[in-house]
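Comments concern the structure below.
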Amino acid sequence: MLIAAIGVVYGDIGTSPLYTMKEIFGGHYGVLPTEAGVYGVLSLIFWSLIWVVTIKYVLFILRASHQGEGGIMALTVLARRATVGLPRLQTLLVMLGIFGAALFYGDSMITPAISVLSAVEGLDLAFDGISAWVVPIATIILIALFAIQKHGTAKIGALFGPVMVLWFVVLGCLGVHGIIQRPEVLQALNPVWAFNFFISHPGIGITILGAVVLALTGAEALYADMGHFGRKPIARAWFLLVLPGLVLNYFGQGALILGTPDAVRNPFYLLAPDWALLPMVALSTLATVIASQAVISGAFSLTHQAIQLGYVPRMFIQHTSSQEQGQIYIGVVNWALMVGVVLLVIGFESSGALAAAYGVAVTGTMLITTFLASAVALLLWNAPRWFAIPMLFGFLLVDGLYFAANVPKIFQGGAFPVVAGIALFVLMTTWKRGREILMERLDETHLALPVFVESIAAGPPHRVQGTAVFLTAKSGAVPHALLHNMLHNQVLHEQVVLLTVISDERPRVPPNERVEVESCGEGFYRVTLNFGFIEEPDVPRALLHCRFDGLEFAPMRTTYFLSRETIIPTKQIGMALWRERLFSFMLKNANGSLRYFNLPVNRVIELGTQVEM
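Each residue of the sequence shown is one higher than the last, beginning at 1 in UniProt numbering.
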């Protein structure tokens with residue numbers, strides 16, 4: 001588990017040495033490769049890794065486990081539970097959580113682009129005149145990466161750990177090689193150098209944090225992937241291998257820059273001996289592909305959770321491994337990310353240009369995570385105020401400084417992840433609110449089930465053999481599909497099941513809590529299926545395990561009836577007209593219940609209805 005965690009969790013932050021120091025000293029920040037500049041930057045990087053990653057994420061945030069699962073969506077659920085009785089605060093935190101999730105998608109596009117570009121740029125040092133081929137090569141690698149996603153990571157997942165273990169060992173060895181040349185660079189472990197940096201570089205000030213944050217990219221993955229590996233393997237991997245490898249490499253690059261200031265053009269590759277340049281390019285490319293794979297898989301998992309929580313329309317989810325629950329593939333997300341990544345590579349053309357735009361989404365998500373975790377610690381855990389408040393204030397202060405340092409990047413290309421995040425936030429909240437209003441409109445014309453059953457008993461219609469399953473969100477009301485079926489066909493099956501599928505706030509629901517059955521008389525039953533928010537809702541399989549006298553779900557004798565609503569936007573109280581039209585478009589193009597619930601195609605009947613919003 002520890003080796004697997006190194007392979008999946010730390011791919012993103014593990015490849016940050018490829019571009020961080022190069023951007024700080026070779027970018028537009030104006031940091032000179034002097035003793036004060038190098039020591040100050042190294043001190044900032046080291047103590048940022050200690051405070052943000054080690055203390056905040058590894059020692060604190062990883063404890064915010066929701067039934068063993070992590071990630072900003074799971075943390076949002078915890079924050080919502082913590083603020084019960086405080087509706088305004090609850091709404092604010094939920095909206096922040098959704099926006100943080102939306103920003104994660106922006107990060108998921110920039111990370112593969114900057115990582116692979118920075119790795120391929122190493123070819124510039126080995127071959128003259130190859131710079132024109134960097135973008136095409138990086139684009140081909142990225143397209144190939146997205147093209148194989150549908151095959152899943154089950155077959156190649158075993159390679160991730162060993163490759164990344166080798167990567168961190170090589171990082172450490174290169175760092176030691178550089179430090180031996182100038183061991184005085186270890187003075188930068190003293191935090192005084194970080195404070196002196198701001199004094200000696202008054203013109204740069206807080207803006208340098210916009211480049212230092214590159215060393216922290218991928219910290220959110222520690223929490224997002226907790227459900228796959230658990231807190232202990234992730235924490236142990238960080239302390240035993242990842243943190244030492246990163247620190248040694250950064251300090252080795254700093255030592256190289258002190259001795260050879262011209263090395264700022266690419267200190268990572270120039271730290272390696274000449275004979276190791278091409279092998280390092282190959283290893284770096286492989287490491288960045290693994291890092292990209294981790295981010296893409298994280299986007300799949302986040303989308304799956306958002307679907308289960310009702311913020312994203314249903315999509316077809318393919319489970320690519322029978323052993324690993326979290327290994328899934330969502331085609332729509334995959335190809336959308338690929339288009340975004342390719343456009344970023346073609347548009348920015350270099351890792352330096354992308355670095356100028358990178359950080360807004362990352363620091364925004366980090367800041368939101370701190371807000372949500374503060375509510376959980378103070379209101380749900382009831383942590384001691386004397387300890388929790390100063391610590392949380394420190395987290396908010398540092399995250400706020402990093403976010404403020406990255407805000408100017410919005411005008412330097414960083415608007416892309418922000419615009420993408422805002423667009424996704426609007427889509428997610430529109431879908432959630434639209435579904436709520438749709439249910440309200442349907443409830444206005446609903447017929448109570450007991451009344452309907454009494455009318456059936458008073459005037460029995462013709463009954464046919466088999467079981468009819470009507471999917472409905474309201475188990476106490478008669479589904480519109482059932483009313484339409486009675487109106488047009490004027491028959492009922494011997495067994496009529498009103499089925500409600502509930503997405504639980506827990507990641508997984510125990511088998512003994514999966515099915516709830518209630519007999520309503522006259523052959524009517526109310527059945528509730530409970531699924532965790534990371535589980536695949538396979539309805540036929542769950543119904544086969546339903547045990548209730550007189551109720552059976554033989555595959556060839558069971559018919560599923562679905563309702564399909566057509567939205568007619570109006571100026572009634574609800575949402576703005578443009579949002580109603582947007583929701584109508586999303587509903588029309590969303591996957592129906594058939595594929596999402598894994599219903600048999602030849603046993604499904606859809607009946608439509610029009611609803612004014």
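Don't be surprised by glycine CBs; every beta carbon is placed ideally from N, CA and C.
- Around the beta carbon of Trp-193, 16 or more other beta carbons lie within 10 angstroms, which makes this residue buried.
- Taking the Cα positions, Ala-481 is about 13 Å away from Gln-490.
- By the Cβ rule, the segment 276–287 counts as touching the segment 159–175, because three or more pairs are nearer than 8 Å.
- In its chain, beyond the 5 residues on either side, Gly-106 have a beta carbon closer than 6 Å to the beta carbon of Ala-420.
- For His-488, the enclosing alpha helix (DSSP H) begins and ends at 480–489.
- DSSP places Ser-374 in no beta strand (DSSP E) but in the uninterrupted alpha helix (DSSP H) bounded by 360–375.
- For Met-109 against Val-341, the beta-carbon gap comes to about 5 Å, under 8 Å, which counts as contact.
- For Ser-519, the uninterrupted beta strand (DSSP E) run begins and ends at 515–521, by DSSP.
- Val-604 has Tyr-560 as its beta-bridge partners, per DSSP.
- Val-8 counts as buried, since at least 16 other C-beta atoms from the protein chains shown sit within 10 angstroms of its C-beta.
- Gly-26 sits close to Arg-265, with the two beta carbons spaced by under 8 Å.
- A direct Cα-to-Cα measurement between Arg-557 and Val-497 gives close to 13 Å.
- Residue pairing by DSSP places Ala-468 opposite Val-496 and Thr-559 in a beta bridge.
- For Gln-610, the secondary structure class from DSSP, reduced to helix, strand or coil, is strand.
- Here Leu-166 carries a helix assignment [DSSP, helix/strand/coil].
- Residues His-66, Gln-67, Gly-68, Glu-69, Ala-74, Gly-227, Gly-532, Phe-533, Ile-534 and Glu-535 of the same chain have their beta carbon placed closer than 8 Å to that of Pro-507, with the five preceding and five following residues left out of the count.
- For Thr-528, the beta-bridge partners assigned by DSSP are Thr-500 and Glu-516.
- At a Cβ-Cβ threshold of 8 Å, Ala-373 and Ile-61 count as neighbours.
- Around the Cβ of Ser-297, a 10 Å sphere holds 16 or more other Cβ atoms; the residue is buried.
- Taking a contact as a CB-CB distance under 8 Å, the pair Ala-79 and Gly-100 does not count as one, their CB atoms being some 11 Å apart.
- The residue from Ala-147, Gly-210 and Pro-87 with its alpha-carbon nearest to that of Met-21 is Gly-210.
- A residue is called buried when at least 16 other Cβ atoms come within 10 angstroms of its Cβ; Thr-363 meets this threshold and is buried.
- Looking only at Thr-83, Leu-337, Asn-602 and Ile-437, the smallest Cα-Cα distance to Ala-147 is reached by Leu-337.
- Segment contact: the segment 573–586 against the segment 428–438, three or more CB-CB distances shorter than 8 Å; contact assigned.
- By the Cβ rule, the segment 514–526 counts as touching the segment 543–551, because three or more pairs are nearer than 8 Å.
- The secondary-structure analysis by DSSP pairs Thr-566 across a beta bridge with Gln-610.
- Shown here for Gly-37: same chain residues with a beta carbon closer than 6 Å to its own, the five before and five after excluded, namely Val-31 in chain order.
- For Leu-222, the three-state secondary structure derived from DSSP is helix.
- In this model, Phe-160 and Ile-6 are separated by some 8 Å (Cα to Cα).
- Taking one beta carbon from each stretch, the segment 585–599 and the segment 307–321 have 3 or more pairs nearer than 8 Å; the two touch.
- Nearest Cα to Ser-301 within the set Ala-224, Met-280, Trp-238 and Ala-388: Ala-224.
- Per DSSP, Gly-550 is not a residue of any alpha helix (DSSP H), being assigned neither H nor E.
- Within the segment 31–70, the runs of alpha helix (DSSP H) at least 4 residues long that lie entirely inside it are, in chain order, 35–48.
- DSSP links Ala-74 through a beta bridge to no other residue.
- In the structure shown, Ile-573 falls within a coil segment according to DSSP collapsed to helix, strand and coil.
- When the Cα atoms are used, Ile-13 and Thr-111 turn out to be separated by approximately 10 Å.
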